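Notes follow the structure.
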Amino acid sequence: MTPALAALLAFAVYALGYRLYARFLAERVFHLDDARETPAHTLRDDVDYIPTRPAVLFGHHFASITGLAPMLG
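Okay, structure coming up:
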């Protein structure tokens with residue numbers, strides 16, 4: 022077996038495992054449901070809880086992780 026074939030096979034197994042395990046976690050462990058409202062909608066007060074787009078949330082999350090929060094405000 023060539024290294025490229027082994028790497029491709031490993032990638033396929035990891036991708037399949039990731040997909041199946043993610044579905045298992047979403048359905049059986051965390052009971053995720055797209056119909057449920059998030060706390061940003063149910064507790065909206067326009068101060069602490071504000072519904073926003075996922076791209077904005079990712080930016081805030083990334084800034085907090087990288088330690089840029091004090092510089093970005």
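In my numbering, the protein residues as written are 22 to 94.
Note that beta-carbon positions come from the ideal geometry of N, C-alpha and C, so glycine has one too.
Just so it is clear, the structure is predicted and the values come from calculations on it, not from any experiment.
- Secondary structure at GLU48: helix, using DSSP grouped into helix, strand and coil.
- Boundaries for ALA56: no alpha helix (DSSP H) harbours it, and the DSSP string shows neither H nor E there.
- Apart from the 5 residues on each side of it in sequence, HIS62 sits with its Cβ closer than 6 angstroms to the Cβ of PRO72 in its chain, given in chain order.
- ALA47 sits close to LEU53, with the two beta carbons spaced by under 8 angstroms.
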